[in-house]
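Novice: Each protein sequence line maps, in turn, to chains A and B.
Each residue of the first sequence is one higher than the one before, counting from 88 in the numbering used here.
Each residue of the second sequence is one higher than the one before, counting from 731 in the numbering used here.
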Amino acid sequence: MAQTDAQTKPKPKLWTRDFIIGAGINFLIMANYFALMVITADYAMEEYGAPASFAGLVASIFIVGALIARLVGGGILDSIGRRRMLVIAVVAECVMSALYFLDLGLAFLFVIRILHGISYGAASIAVSTIVTSIIPEECKGEGVGYFMLSNTLGTAIGPFMGMAISQAVGIRGLFAVCLAIAFICLASLLWFKPPREERKPFSGGAAHLRDFIEPTAIPIGIVACLVFFGYASILTFLSSYAEQVGIQTAASFFFVAYAITMFISRLFTGKIFDRRGANVVMIPAFVLAIVGMAAVGLAFNGAILLLGAALLGAGIGTLQSCGLTIALQKASVRRISLANSTYYVLMDGGVGLGPVLLGAFVPLVGYSGVYLAMAGLIGIAMVFYLVVIAKGQVKTKRA
Amino acid sequence: MWCKRILLAYDGSAASKNALKLAVDVAKQDQDIEILAAHILKVYGAGAAQDSIIRQAEALADDLEKQLAQVPNPTRVELLRGDSPADLLLSCAADNECDLIVMGSRGVGGAKGYLGSVSYAVVQRSEKCAVLIAKEGMHA
Numbered sequence: 088m089a090q091t092d093a094q095t096k097p098k099p100k101l102w103t104r105d106f107i108i109g110a111g112i113n114f115l116i117m118a119n120y121f122a123l124m125v126i127t128a129d130y131a132m133e134e135y136g137a138p139a140s141f142a143g144l145v146a147s148i149f150i151v152g153a154l155i156a157r158l159v160g161g162g163i164l165d166s167i168g169r170r171r172m173l174v175i176a177v178v179a180e181c182v183m184s185a186l187y188f189l190d191l192g193l194a195f196l197f198v199i200r201i202l203h204g205i206s207y208g209a210a211s212i213a214v215s216t217i218v219t220s221i222i223p224e225e226c227k228g229e230g231v232g233y234f235m236l237s238n239t240l241g242t243a244i245g246p247f248m249g250m251a252i253s254q255a256v257g258i259r260g261l262f263a264v265c266l267a268i269a270f271i272c273l274a275s276l277l278w279f280k281p282p283r284e285e286r287k288p289f290s291g292g293a294a295h296l297r298d299f300i301e302p303t304a305i306p307i308g309i310v311a312c313l314v315f316f317g318y319a320s321i322l323t324f325l326s327s328y329a330e331q332v333g334i335q336t337a338a339s340f341f342f343v344a345y346a347i348t349m350f351i352s353r354l355f356t357g358k359i360f361d362r363r364g365a366n367v368v369m370i371p372a373f374v375l376a377i378v379g380m381a382a383v384g385l386a387f388n389g390a391i392l393l394l395g396a397a398l399l400g401a402g403i404g405t406l407q408s409c410g411l412t413i414a415l416q417k418a419s420v421r422r423i424s425l426a427n428s429t430y431y432v433l434m435d436g437g438v439g440l441g442p443v444l445l446g447a448f449v450p451l452v453g454y455s456g457v458y459l460a461m462a463g464l465i466g467i468a469m470v471f472y473l474v475v476i477a478k479g480q481v482k483t484k485r486a
Numbered sequence: 731m732w733c734k735r736i737l738l739a740y741d742g743s744a745a746s747k748n749a750l751k752l753a754v755d756v757a758k759q760d761q762d763i764e765i766l767a768a769h770i771l772k773v774y775g776a777g778a779a780q781d782s783i784i785r786q787a788e789a790l791a792d793d794l795e796k797q798l799a800q801v802p803n804p805t806r807v808e809l810l811r812g813d814s815p816a817d818l819l820l821s822c823a824a825d826n827e828c829d830l831i832v833m834g835s836r837g838v839g840g841a842k843g844y845l846g847s848v849s850y851a852v853v854q855r856s857e858k859c860a861v862l863i864a865k866e867g868m869h870a
């Protein structure tokens, strides 16, 4: 019997040199971002005597920079060239990582943080676009899944690295490690040679607000904004809080526990969502996040802190991914990209604003009070979801 | 005619291209038969990678629309957004009262035959739809 094309065609390879390097760069820049994020507010308060609210701003302004890069970078990526943008962004990462060593005051640190956020955002969008485009069609799902794992690992290892290294060898030791990471990314680009994509001329900016925002994504985006407002309080102030309570060792494992339960929950919540509707996963996720945040606020030992981390990982992880699914499902076919970016703008807006506003309350109610208030805020987000969104998410039984 | 609406599951793989040909051949029997072509846009979560996945899915949907424009039957392209391709396809078939699902036996999901597991799940769990599976190596 003659062999068919399917039998003679060689199996496409997923684990190519470019895929491994691209996923590695993605992991490293995420780890760099999170390592610095968790200690920056503490650094600003201790080194420069910044009040908690401004220290929070110095930490979270990074997210604003990353958001600017994503919004602008997405539009010019194919006119500049994807690899070119990645090289420029990684060089900028190296420069920014080196500038942290310069002790030139709080305003200088603030500026570095914005610029570092922009370079991170540009690198992230460039490497993600390149890697997802080089994955063979036959193993796209598997390949993207592994690539997203590099995100998850970065969010787990980065904060652990940030807290563990700064506790062990001080903040400058951490700056040195982050600089080394940036240089490793730069060096690896010597071997990163993905196929050139077709360059497209820049088509010009949008004229109307509707070209930037998808209105159907706003309600669920508001939910994400409120939830991540709370998440940002952990990202920014956990280090200082842990020092206050005397649970620094447990705190360095916080995001590892968070990432583990987030990863585990994502293995089945998506399927339940598709089969039984959003409310079946969203409402328990809200409850887990509320209880987790309260546990963090009331933690008097490491075990309770890590329990809070595990509950938050499952809760917030589910709210983020299922919330995004709701946002994308509500948009018409031609406006899915806009729904995606609207959701992220609101979510990242919560992460960016949270530390600034919450920092002002730290002197009044303490870190514990802030976390308990955030548990309440997630409760408000749940009520908003139930009143505004939940009715439209009931899955009708199949005929 | 027993079949009024066909759900075609399409992901750009060789098998799903054969599925497209089969769906069009079945629809030739009656020009009133509608072809609803569905591509799965998997939602992975946070990150710039999701932006890229969405753009690729939109490009594939555009390409699918161009291919279906040649077909005399009424056609529609839909991007099904979620996590589980089998559940999304079955829900879509039920919501749109499809009579036949046409899909490839292997897709772009993974080296272990991810869409192989999807087509298996659809065959097992489809309650009211007939399911036609196109093989990668067939001469359609």
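In this text, a Cβ means the ideal position worked out from N, Cα and C, and glycines have one as well.
In chain order, which beta strand (DSSP E) runs of at least 3 residues are fully inside the segment 244-271 of chain A?
Specialist: You should have found no qualifying run.
Novice: Across which residues does DSSP place residue 805 (chain B) in a beta bridge pair?
Specialist: Per DSSP, B:765.
Novice: Look at the alpha carbon of residue 391 (chain A) and the alpha carbon of residue 334 (chain A), and state the distance between them as a whole number of angstroms.
Specialist: Approximately 10 Å, taken between the alpha carbons.
Novice: Beta-carbon separation of residue 173 (chain A) and residue 214 (chain A) under 8 Å?
Specialist: A contact, by the Cβ cut-off of 8 Å.
Novice: Rounding to the nearest angstrom, what Cα-Cα distance links residue 466 (chain A) and residue 305 (chain A) in this structure?
Specialist: So the alpha carbons of these two residues sit roughly 19 Å apart.
Novice: Just reading off the alpha helix (DSSP H) that residue 126 (chain A) is part of, what are its end residues?
Specialist: Looking at the DSSP string, the run of the alpha helix (DSSP H) that includes residue 126 (chain A) is 104-135.
Novice: Using the Cα positions of residue 761 (chain B) and residue 226 (chain A), report the straight-line distance between them to the nearest angstrom.
Specialist: Near 36 Å, if we compare the C-alpha coordinates of residue 226 (chain A) and residue 761 (chain B).
Novice: If you follow the alpha helix (DSSP H) that residue 146 (chain A) is part of, which residue opens it and which one closes it?
Specialist: Unbroken alpha helix (DSSP H) run through residue 146 (chain A): 139-167.
Novice: Taking 8 Å as the threshold (beta carbon to beta carbon), is residue 234 (chain A) in contact with chain B?
Specialist: Cβ-Cβ to chain B under 8 Å: yes for residue 234 (chain A).
Novice: Where does residue 865 (chain B) sit, in a helix, a strand or coil, going by DSSP?
Specialist: Correct three-state label for residue 865 (chain B): coil.
Novice: Can you name, in chain order, every residue of its own chain whose Cβ lies under 7 Å from the Cβ of residue 818 (chain B), other than the five neighbours on each side?
Specialist: Once the five neighbours on either side are set aside, the close Cβ partners of residue 818 (chain B) are 770, 810, 812.
Novice: Please name the residue or residues paired with residue 833 (chain B) in a DSSP beta bridge.
Specialist: Bridge partners of residue 833 (chain B): B:863.
Novice: If you reduce the DSSP assignment to three classes, tell me which class residue 277 (chain A) lands in.
Specialist: Correct three-state label for residue 277 (chain A): coil.
Novice: Measuring only between beta-carbons, confirm whether residue 224 (chain A) sits less than 8 Å from chain B.
Specialist: Interface residue, yes.
Novice: On the DSSP bridge list, what partners appear for residue 812 (chain B)?
Specialist: DSSP, once it has assigned bridges, lists B:772 as partnering residue 812 (chain B).
Novice: At a Cβ threshold of 8 Å, is residue 774 (chain B) touching chain A?
Specialist: Chain A, which has a Cβ nearer than 8 Å to the Cβ of residue 774 (chain B), makes this yes.
Novice: From the beta carbon of residue 362 (chain A), is the nearest beta carbon of chain B less than 8 Å away?
Specialist: True, the Cβ-Cβ gap to chain B drops below 8 Å.
Novice: Shorter than 8 Å from the beta carbon of residue 420 (chain A) to some beta carbon of chain B?
Specialist: It does: the Cβ of residue 420 (chain A) has a partner Cβ on chain B nearer than 8 Å.
Novice: Residues of chain A with CB closer than 8 Å to the CB of residue 783 (chain B), please, in chain order.
Specialist: Here the neighbours are 219, 231.
Novice: With distances taken from CA atoms, which of A:266, A:139, A:404, A:332 is nearest residue 120 (chain A)?
Specialist: Residue 120 (chain A) has its Cα closest to that of A:266, out of A:266, A:139, A:404, A:332.
Novice: With the cut-off set at 8 Å, would you say residue 855 (chain B) and residue 820 (chain B) are in Cβ contact?
Specialist: Yes. Within cutoff.
Novice: Apart from the five residues on each side of it in sequence, which residues of its chain come closer than 7 Å, Cβ to Cβ, to residue 486 (chain A)?
Specialist: Note that residue 486 (chain A) has pLDDT 36, beneath the 50 cutoff, so the model's placement of it is unreliable and the number below is only indicative. None.
Novice: Strictly by DSSP, which residues pair up with residue 735 (chain B)?
Specialist: For residue 735 (chain B), which the question treats as bridged, DSSP gives the partners B:764.
Novice: Taking the alpha-carbon positions, what's the residue 347 (chain A) to residue 153 (chain A) distance?
Specialist: Computed Cα separation, rounded: 25 Å.
Novice: If we cut at 8 Å on Cβ distances, does residue 280 (chain A) have a partner in chain B?
Specialist: Taking Cβ atoms only, chain B never reaches closer than 8 Å to residue 280 (chain A), which makes this a no.
Novice: Counting beta carbon pairs with one atom in the segment 313-322 of chain A and one in the segment 453-466 of chain A, are three or more of them shorter than 8 Å?
Specialist: The segment 453-466 of chain A, when compared against the segment 313-322 of chain A, does touch it at the 8 Å Cβ threshold.
Novice: Do the CB positions of residue 867 (chain B) and residue 749 (chain B) come within less than 8 Å of each other?
Specialist: No, the Cβ-Cβ distance between residue 867 (chain B) and residue 749 (chain B) is not below 8 Å.
Novice: Examine the Cβ distances between the segment 432-443 of chain A and the segment 299-313 of chain A and report whether three or more of them are shorter than 8 Å.
Specialist: Segments in contact, yes.
Novice: According to DSSP, simplified to helix, strand and coil, what is residue 184 (chain A)?
Specialist: Correct three-state label for residue 184 (chain A): helix.
Novice: Relative to the alpha-carbon of residue 169 (chain A), which residue among A:371, A:197, A:279 has its alpha-carbon at the smallest distance?
Specialist: Ranking A:371, A:197, A:279 by Cα distance to residue 169 (chain A) puts A:279 first.
Novice: Is the beta carbon of residue 192 (chain A) sitting closer than 8 Å to the one on residue 135 (chain A)?
Specialist: For residue 192 (chain A) and residue 135 (chain A), yes; Cβs fall inside 8 Å.
Novice: Along the alpha helix (DSSP H) that carries residue 197 (chain A), what are the first and last residues, could you check?
Specialist: 193-221 is the extent of the alpha helix (DSSP H) around residue 197 (chain A).
Novice: Indicate the three-state DSSP secondary structure (helix, strand or coil) for residue 189 (chain A) in the structure shown.
Specialist: Of the three classes helix, strand and coil, the one that applies to residue 189 (chain A) here is coil, per DSSP.
Novice: Three-state secondary structure (DSSP) at residue 170 (chain A)?
Specialist: Note: residue 170 (chain A) maps to helix in three-state DSSP.
Novice: Going along chain A, which residues have a C-beta under 8 Å from residue 764 (chain B)?
Specialist: Simply none; closest approach about 17 Å.
Novice: What do you get for residue 157 (chain A), buried or exposed, if any count of 16 or more other CB atoms within 10 angstroms of its CB means buried?
Specialist: Under this definition residue 157 (chain A) is a buried residue.
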